[in-house]
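K.L.:
First the structure, which I've put down as C-alpha cells, then a few questions once you've had a look.
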Amino acid sequence: MVSLKGRPKTSEEGAECLTFWTGAWWTALNFRGGPGRGERGPCGAGAALRRGRAFISLDLTFLGAASFADSKVRQRAFLFSSDFPAGRCHFAPDSSRRCPRPLPSAVRVEVPRAGQAGPGFRCEPPQDGRGSRSWRGSLQLCLLSAFITSDFRMTTILTSTFRNLSTTSKWALRFSVRPLSCSSQVQSAPAVQTKSKKTLAKPNLKNIVVVEGVRIPFLLSGTSYKDLMPHDLARAALSGLLYRTNIPKDVVDYIIFGTVIQEVKTSNVAREAALGAGFSDKTPAHTVTMACISSNQAMTTAVGLIASGQCDVVVAGGVELMSDVPIRHSRNMRKMMLDLNKAKTLAQRLSLLTKFRLNFLSPELPAVAEFSTNETMGHSADRLAAAFAVSRMEQDKYALRSHSLAKKAQDEGHLSDIVPFKVPGKDTVSKDNGIRPSSLEQMAKLKPAFIKPYGTVTAANSSFLTDGASAMLIMSEDRALAMGYKPKAYLRDFIYVSQDPKDQLLLGPTYATPKVLEKAGLTMNDIDAFEFHEAFSGQILANFKAMDSDWFAQNYMGRKTKVGAPPLEKFNIWGGSLSLGHPFGATGCRLVMAAANRLRKDGGQYALVAACAAGGQGHAMIVEAYPK
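Numbering (the working numbering), first residue to last: 645 to 1272.
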C-alpha cells in the first residue's frame, strides 16, 4: 500500500491517480475494471475502460482542501459512484475488506475526527489464469467537505469531469456535482443526489397553467373557410374554448391573439373576435404579430401579465386566413387615387388622370418573403438544405413520416384539441383536411418549387397555405384550482432568439433549444416530448444537423459543445405543420397543446416546444405536465 501525499501522481499515459492528504480518515471507493488496452501497471491508463471500441478516460479534479486540527471538527465525506460495464464501484470501509454490495449513486458517510490515519492509495495489477493483465484499484474519493470550529468555516467543492465520453454510449456517466457546505447550525451537509425530475416551480413566482386549449380544424386555403373573414375563425375558436371550459365570460381579464397577414377592416382581430364570441365589452384585447410565432408571443404575453399580478385569467390564441389575403393596388395607382380624392375641381381631376398608365393596374400580391433580403422563405429553405447536405430523398421521407403519423393520430383520436366548426352556409368541419399520406414515388415526381431546376424543396415536403385559428385558457394555478379546474400543464421557462435573416433564417430552434434548457436546468435527456414547427422538411433536418454539430456550436453559437438532436421517437409523433397545416398566427398554440396532451397520455413530465419565424427569429418553451 502506498500513501500519496501532496501532488498527484501522473502516469505516462496521462491518467491521474489522485488523492489528498488531510491527516484524516479516508473513505475508500473500490473501483474494479476489466482488462483494457493501454493499461501499463498501477495507476497507468488503467483509469480507462474498454467496451467494444469505446473508451472512457477518467479525470478527477479535486478543488480546495484544508484541515484545521481541532477537537470539535467533524468531517463529512461524499462518495460518487456509478455502474460501469466492466464492473461496479464498491464501498470499502478499509483497504482489506470489500463490501459486496454496489454503492448507491450518492452516499453520505460520517467519519471520525481528524488526526486518525486511514488507508492510502493502492493499485494492484494481479494476473489472471491466462497471464493477461488486469487491474484493480482502491481509489480514494473521499473529501473533507467542511470543517467547523468556533473560528473557521470552510467549503470544499468537488468537481469530477469525465472526458472523451461517447455521447452515443448507453452507459454514459453523468455526475451531479454541487458545492458542499456546512454551518455551525447544520450538523451534516445534504447528500448529493442523482439527477431526478422535479417540478420547475420557482420560489416567490406564480405557477401559470394551461387549463384548456382548442383549435378549429386547419384547412387548406381556398376550401371551406374561403368565404369567411379572420375574425370569424377566431370567434369560432373562442366559442369552442368557452364551450369546453364553461368559464364565465366576465371572468376573463384579458384576450390576446396573434396574426400575420392582417385584414385591414379588423386590424385588432382579437377585439373583434372577442366581441363576436360574446365576451364582456369591458375585457381588453389586443393583437400581436411575430410571423410564425405570433401565437407563441400571445401566450408568453399572457404569462407575463399573470406573473406580474396584472391578471389572473387570460385567453391567448392566433388566427390566419390565407384564402382572402389583402391584395393592393400598385403604389402609383394608390397615390393617384388619393390625389383624386383631394382634388377639388374637375380640371384638377382631369389633370391627374392624364398621368395614368396601364401598368398602374398591376396589383401587389403578398409574398412570404423577407423584406430585408427580398428572398422567399422557400428559397431560403432550399439554400439551408443544401448548406447542411440534406438530400431530396431525406426531405421526402421526413414529409411522408409527418403525414403518416398525423393520419395515425387522427384515426386514433389523439387530436383532441379540435372543436367542430359549423361553417355558415356549409357543412360542419371536424377534421384537418391537409393530411394526405402519399408514397415516395409520387413525391419524387414533383418539380422543385423555388430553386429550379436543381432545388430540393417541393410542394410535398413544404407546409401548405392554411386557414385556421386556436385559443387557450391560461390562468394562475391558484385561481384555476379555486374555480374547480384541473389544469393540463404548466407553462415554464421560455426564450426568444434572433439571428442572421439571410443565411440562418430558419435555425431558430437550434439557437433557442440549448438556451431554454439551460434556463430551466434541464438536458435533452430530460425531455419526454418534442413539438417543433415544421415549415419545411429541409428546415427540420438542417436544424437536426446543426444541433448535433460541435463545429456549428463552436463557430456559430459560441458554445463549447452541441446540444444534440432530438430523438425521432419523441419528436412530433402526432404529425406536424407539414401535415396538419400551418396557419401562421395559430400554430404556436397547437404546438403547446399537442405537447401537453402527449405528456398526459404518455405519462411524461417535460416537453419542449420550438419554432422558427421570419426575420431570423425563434422561440422555445418548456411545458411541464400537471400532476394527475
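Ideal placement from N, C-alpha and C gives every residue a C-beta, glycine not left out.
Considering only C-alpha positions, which residue in the set 972, 956, 1021 is nearest to residue 1150?
P.N.:
Of 972, 956, 1021, the residue nearest in Cα terms is 1021.
K.L.:
Would you mind stating whether residue 1234 and residue 1218 have Cβ atoms separated by less than 8 Å?
P.N.:
Against a cut-off of 8 Å, the Cβ pair of residue 1218 and residue 1234 comes out as no contact.
K.L.:
From residue 1056 to residue 1049, what distance separates their C-alpha atoms?
P.N.:
Taking the straight line from one Cα to the other gives about 10 Å.
K.L.:
Rounded to whole angstroms, what is the Cα-Cα separation between residue 943 and residue 1114?
P.N.:
If you take the alpha carbons of residue 943 and residue 1114, they lie about 11 Å apart.
K.L.:
My guess is that residue 947 and residue 931 are in contact by the Cβ rule of under 8 Å, so how many angstroms apart are they, rounded?
P.N.:
About 17 Å; that fails the 8 Å criterion.
K.L.:
On the CB-based measure, 16 or more other CB atoms within 10 Å of its CB, does residue 954 come out buried or exposed?
P.N.:
Looking at its Cβ environment, which holds fewer than 16 other Cβ atoms inside 10 Å, residue 954 is exposed.
K.L.:
Taking one C-beta from the segment 952 to 971 and one from the segment 1245 to 1259 each time, how about it: are there three or more such pairs within less than 8 Å?
P.N.:
The answer is no - the segment 1245 to 1259 does not touch the segment 952 to 971, with fewer than three Cβ pairs under 8 Å.
K.L.:
What's the call for residue 1098, buried or exposed, on a 16-neighbour Cβ count within 10 Å?
P.N.:
Residue 1098 comes out exposed.
K.L.:
Straight-line CA distance for residue 994 to residue 908?
P.N.:
Their backbone Cα atoms lie some 30 Å apart in a straight line.
K.L.:
Between which two residues does the alpha helix (DSSP H) containing residue 918 stretch?
P.N.:
It spans 913 to 921 - the alpha helix (DSSP H) in which residue 918 sits, taken as one unbroken run.
K.L.:
Among residues of its own chain, excluding the 5 on either side of residue 761, which ones have a beta-carbon nearer than 7 Å to its beta-carbon?
P.N.:
Residue confidence for residue 761 is low, a pLDDT of 39 falling below 50, so the modelled location carries little weight and cannot support an answer.
K.L.:
When you compare only the Cα positions, how much space is there between residue 744 and residue 849?
P.N.:
Residue placement at residue 744 is poorly supported in this model, since its pLDDT is 38, which falls under 50; the coordinates still yield a value, given next. Going by the C-alpha atoms only, they are around 47 Å apart.
K.L.:
Check residue 1050 in the structure and name its three-state DSSP category.
P.N.:
Here residue 1050 sits in helix by DSSP.
K.L.:
Roughly how many whole angstroms lie between the Cα atoms of residue 1158 and residue 854?
P.N.:
Cα to Cα, residue 1158 sits roughly 24 Å from residue 854.
K.L.:
Work out the CA separation of residue 937 and residue 922 for me, nearest whole Å.
P.N.:
Cα-Cα distance, rounded: 27 Å.
K.L.:
In terms of alpha-carbon separation, which member of 1040, 1074, 1203 lies closest to residue 1106?
P.N.:
Selected option, being the one with the closest Cα: 1040.
K.L.:
Who pairs with residue 1261 in a beta bridge, going by DSSP?
P.N.:
Its beta-bridge partners are 1142, 1257.
K.L.:
Please list the segments of the alpha helix (DSSP H) lying wholly inside the segment 1186 to 1226, counting only runs of 4 or more residues, in order along the chain.
P.N.:
The segment 1186 to 1226 contains these whole alpha helix (DSSP H) runs: 1194 to 1199, 1221 to 1224.
K.L.:
CA-CA distance, residue 1206 and residue 1147?
P.N.:
C-alpha separation (whole angstroms): 20 Å.
K.L.:
Quick check: what's the CA-CA separation for residue 892 versus residue 883?
P.N.:
Between residue 892 and residue 883, the C-alpha separation is close to 12 Å.
K.L.:
Kindly identify the DSSP beta-bridge partner or partners of residue 961.
P.N.:
Paired residue(s): 901, 1115.
K.L.:
In chain order, what residues of the same chain have a beta carbon less than 6 Å from the beta carbon of residue 972, not counting five sequence neighbours either side?
P.N.:
So the list reads 1008, once near-sequence residues are dropped.
K.L.:
Evaluate residue 1018 with the Cβ neighbour count: other Cβ atoms within 10 Å of its Cβ, from every protein chain shown; 16 or more gives buried, anything less gives exposed.
P.N.:
So residue 1018 counts as exposed.
K.L.:
Residue range of the beta strand (DSSP E) that residue 1175 falls in?
P.N.:
Unbroken beta strand (DSSP E) run through residue 1175: 1173 to 1176.
K.L.:
Alpha carbon to alpha carbon, how far is residue 1195 from residue 1209?
P.N.:
When rounded, the distance between both Cα atoms is 14 Å.
K.L.:
Rank 1051, 1028, 1152, 1174 by C-alpha distance to the C-alpha of residue 1182 and give the top, closest one.
P.N.:
When each option's Cα is compared against that of residue 1182, the closest is 1028.
K.L.:
I need the DSSP call for residue 1162, collapsed to helix, strand or coil.
P.N.:
Three-state result, residue 1162: helix.
K.L.:
Does DSSP put residue 1076 in a helix, in a strand, or in coil?
P.N.:
In this structure, residue 1076 counts as coil in the three-state DSSP scheme.
K.L.:
Rounded to a whole number of angstroms, what is the C-alpha to C-alpha distance between residue 1102 and residue 1080?
P.N.:
C-alpha separation (whole angstroms): 15 Å.
K.L.:
Within the segment 953 to 1021, note down every full alpha helix (DSSP H) run reaching 4 residues or more, in order along the chain.
P.N.:
Listed in chain order, they are 975 to 986, 990 to 997.
K.L.:
Can you tell me which of the three DSSP states residue 1269 falls into?
P.N.:
The answer is strand: DSSP assigns residue 1269 an E or B state.
K.L.:
Sorted by chain position, which residues of the same chain lie with C-beta nearer than 7 Å to residue 1221's C-beta, five sequence neighbours on each side aside?
P.N.:
If we look at residue 1221 and ignore the five residues flanking it on each side, its Cβ neighbours are 1107, 1177, 1178, 1179, 1231.
K.L.:
When you compare each of 1187, 1185, 1224, 1171 to residue 1249 by their alpha carbons, which one comes out closest?
P.N.:
For residue 1249, the nearest C-alpha among the options comes from 1171.
K.L.:
Would you mind stating whether residue 1075 and residue 1227 have Cβ atoms separated by less than 8 Å?
P.N.:
No. Outside cutoff.
K.L.:
The alpha helix (DSSP H) with residue 1236 in it runs from where to where?
P.N.:
Segment 1231 to 1246, the alpha helix (DSSP H) holding residue 1236.
K.L.:
Which residues mark the beginning and the end of the beta strand (DSSP E) in which residue 852 is found?
P.N.:
Its beta strand (DSSP E) spans residues 852 to 859.
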